[in-house]
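Peer 1: Just passing along the structure, written as structure tokens.
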Amino acid sequence: MGRRSGMSICSYAAECSKDVSSTTSTTVEVALQNEIDDSERITVQATLDTRPFNTKRKYEENQREFVEWCLIRQFRDRDTVTNANTHPRSTAVKQLIRVNP
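Counting in the UniProt record's numbering, the sequence shown runs from 1 upward without gaps.
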């Protein structure tokens, strides 16, 4: 009898089951991440919808002021809130508070 070549049926079946299970787990992970993202969006929207009117008005004013302040400073990340662009602002605010108690 000559040498056998190739893969046995058992080995082939084992390899196929690995491929199916990895595809299934990836699909499940993607579906789970989509559910988490949807839940987060719904929560944020519910929070915005239930926020009192005066709070919305005050936040809009502060956000507009922050965006203008960031544009003047020309941050690379524009108006994204990061430690780099909030630190100088908080330092400036602290100085104003010290000057005008």
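Every residue gets a Cβ at the ideal spot worked out from N, C-alpha and C, and that includes glycine.
1) May I have the straight-line CA-CA distance separating His-50 from Thr-43, to the nearest angstrom?
2) If you follow the alpha helix (DSSP H) that Gln-63 is part of, which residue opens it and which one closes it?
3) Can you tell me which of the three DSSP states Arg-41 falls into?
4) DSSP on Asp-77, reduced to helix/strand/coil?
5) Kindly indicate if chain B contains any beta-carbon less than 8 Å away from that of Gln-45.
Peer 2: Answer, in terms of the structure:
1) Residue 50 is actually Thr in this sequence, not His. Rounded to whole angstroms, Thr-50 to Thr-43 spans 11 Å at the Cα level.
2) Boundaries of the alpha helix (DSSP H) harbouring Gln-63: 53-73, taken from the DSSP string.
3) Reduced to three states, the DSSP call for Arg-41 is helix.
4) Three-state DSSP puts Asp-77 in coil, outside helix and strand.
5) No chain B is part of this structure, which consists of one protein chain only.
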